[in-house]
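Everything below concerns the one structure shown next.
Residue numbers (our numbering): 196 to 241.
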């Protein structure tokens, strides 16, 4: 069980890193996305 949970955590961390790097890359290309993300963050903070 411990090995399985560790593998899941590692794969999730790698996925998040890849997703975040892609997210930042797409952000640097598109300024409209930044405004969209700010709206999302405001909505989350409520």
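Note that beta-carbon positions come from the ideal geometry of N, C-alpha and C, so glycine has one too.
Contact test: residue i Cβ vs the ligand HEM heavy atom, cutoff 7 Å
| i | result |
| --- | --- |
| residue 238 | Looking at this structure, you won't find the ligand HEM or any other ligand, since it has none at all. |
Nearest-angstrom Cα separation, counted from residue j out to residue i
| i | j | result |
| --- | --- | --- |
| residue 210 | residue 219 | 14 Å |
| residue 164 | residue 198 | Since the first and last residues shown for the chain are 196 and 241, residue 164 lies out of range. |
| residue 206 | residue 212 | 10 Å |
| residue 214 | residue 208 | 10 Å |
Residue i: first and last residue of the uninterrupted alpha helix (DSSP H) it sits in
| i | result |
| --- | --- |
| residue 237 | 226-240 |
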